[in-house]
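J.: Residue numbers (the working numbering): 5 to 115. Ideal placement from N, C-alpha and C gives every residue a C-beta, glycine not left out.
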Amino acid sequence: MEYIDFTKKKIELHKEIENAIKNMMAEKGVTEIDLTQDEEHYDAGWVIRRVENASELEEVQVAYIKLYGNSLFYKGESAWEIDEEWIPFDVTDNILAGCIDSVYDAIYQRI
Numbered sequence: 005m006e007y008i009d010f011t012k013k014k015i016e017l018h019k020e021i022e023n024a025i026k027n028m029m030a031e032k033g034v035t036e037i038d039l040t041q042d043e044e045h046y047d048a049g050w051v052i053r054r055v056e057n058a059s060e061l062e063e064v065q066v067a068y069i070k071l072y073g074n075s076l077f078y079k080g081e082s083a084w085e086i087d088e089e090w091i092p093f094d095v096t097d098n099i100l101a102g103c104i105d106s107v108y109d110a111i112y113q114r115i
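1) Which runs of the alpha helix (DSSP H) spanning at least 4 residues fall entirely within the segment 10-53, listed in chain order?
2) Based on Cα-Cα distance, which residue from S106, L100, A67 lies nearest to E36?
3) Quick check on the burial criterion: 16 or more other C-beta atoms within 10 angstroms. Buried or exposed for E20?
4) So K14 packs on A101, CB below 8 Å; how close in whole Å?
5) Got a sec, what are the start and stop residues for the beta strand (DSSP E) S82 sits in?
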């Protein structure tokens with residue numbers, strides 16, 4: 005029986021979705037999107053991220069996403085509070101791998 009490295013596959017999927025978001029935003033000339041606008045007409049984007057102490061997880065709605073150079077950043081909304089700082093939209097930072105497909109859908113609908 006061959007071992008399947010699903011963690012590697014999730015990271016690859018995450019990077020593929022992240023690159024699709026970057027390409028879509030760059031193609032349309034959009035550098036920042038407010039995903040809280042028109043929530044009654046469009047889907048919301050959600051991510052699961054590690055909290056500061058890294059032993060807890062929280063699901064947050066992505067309120068804003070920004071393309072800066074070749075990097076994506078986001079501000080999440082949890083408990084009716086929006087992050088003050090831009091956070092890297094990256095699996096190596098605090099977002100769990102493979103949980104960003106709803107963000108892609110939310111951006112696609114708005115662009």
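T.: Taking the geometry as given:
1) Runs of the alpha helix (DSSP H) spanning 4 or more residues and lying entirely within the segment 10-53 occur at 10-32, in chain order.
2) When S106, L100, A67 are compared, the shortest CA-CA separation from E36 is found for A67.
3) Exposed, because fewer than 16 other Cβ atoms sit within 10 Å of the Cβ of E20.
4) Sure, about 4 Å apart at Cβ, within 8 Å.
5) Taken as a continuous stretch (DSSP letters only), the beta strand (DSSP E) holding S82 covers 75-82.
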